[in-house]
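Notes follow once the structure below has been shown.
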Amino acid sequence: MQHATTPDEIHGLVNNLNFKQKVDRSLELIDHYYRQHGDGLVVANSLGKDSVVVWDLAKRVSPKIRGFVVTTRYKPAATKRFMSELVERYPETRVFRNDVEIEDGLYKTDPDRCCDLLKVQPVRWAIEEMGVTCWVTGLRCTEGRTRTDYLEVEERDEGLLKLNPILPWHEREVWQYIAVNRIPVNPLYAEGFRSLGCEPCTHITTGANERDGRWIGTSKCGGECGIHTRPLKVEVGA
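Numbers 38 to 275, taken from my numbering, label the letters of the sequence shown in order.
Written as structure tokens, this is what we have:
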């Protein structure tokens with residue numbers, strides 16, 4: 038299928054497609070690349086609202102599609118419980134975690150290093166161990182300042198495609214899909230959070246962007262953990 042190849046084309050989709058057209062396009066994208074990659078297509082599930090939508094879309098394409106979750110020692114208790122419920126319901130979901138010893142408060146003194154060890158490295162393990170050739174994410178270009186230049190299909194690592202099937206969706210459309218399809222979501226959203234991460238680095242804010250509450254007080258404020266910016270096809274022990 039033909040997909041958007043520039044940020045301008047993506048933003049055209051944001052503004053010109055209605056909700057049903059976006060859902061249909063997302064399903065078509067997943068179906069197209071599942072036909073190409075088969076078991077190599079795997080959903081990265083962050084346990085957030087966008088991920089549960091992508092997971093539901095993927096399961097509509099094929100119940101055989103697998104997923105993986107990366108968790109850390111700092112995830113909120115509510116997120117851990119939600120993860121356990123999801124894995125129990127979908128045992129084809131694997132959980133990856135890095136229990137490497139790190140200094141106390143690394144998330145304050147060097148948040149980039151903390152994220153690299155606890156989030157990026159487990160994703161590398163997942164890619165390697167699950168034989169992933171196309172990983173599916175819940176990225177959206179309307180989330181915040183750091184996500185405006187992504188494309189529907191990317192190859193930032195040679196031999197590894199990244200598929201962003203809900204990239205042009207608005208936040209309200211994510212919640213619309215969740216409501217219409219009665220999808221369970223992380224209970225932290227009911228407390229006022231709009232973007233979820235590790236407990237010490239995620240806060241409720243009144244900022245305009247969903248990710249304004251991430252890494253407040255650091256150079257990473259509103260930014261990225263590194264999963265979408267760092268190389269993933271590297272030696273797994275590196």
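A virtual CB, placed ideally from N, CA and C, is assigned to each residue, including glycine.
Checklist entry - Can the beta-carbon of Glu210 be found closer than 8 angstroms to that of Phe56? => result yes
Checklist entry - Exposed or buried, which one is Asn53 when buried takes at least 16 other CB atoms within 10 Å? => result exposed
Next on the checklist: Using only CA atoms, which one of Asp147, Leu66 and Lys96 lies nearest to Cys262?
Outcome noted: Asp147
Item to check | Cβ contact (3+ pairs, closer than 8 angstroms) linking the segment 240–253 and the segment 162–181 | outcome: Contact between the segment 240–253 and the segment 162–181 is present: 3 or more CB-CB pairs across the two stretches fall below 8 angstroms.
Checklist entry - Residues in its own chain within less than 6 angstroms of Val51 by CB, not counting five upstream and five downstream? => result Pro205
Checklist entry - Going by the beta-carbon positions, is the gap between Asn218 and Phe119 smaller than 8 angstroms? => result No, they are not a contact pair.
Next on the checklist: Could you check whether Lys270 and Asp194 sit closer than 8 angstroms to each other, using their CB atoms as the reference points?
Outcome noted: Contact: yes.
Checklist entry - Taking DSSP as the reference, what is the three-state secondary structure of Glu257? => result According to the sequence displayed, residue 257 carries Lys and not Glu. Coil.
Next on the checklist: Once DSSP output is grouped into helix, strand and coil, what is the label at Phe230?
Outcome noted: It is coil, neither helix nor strand.
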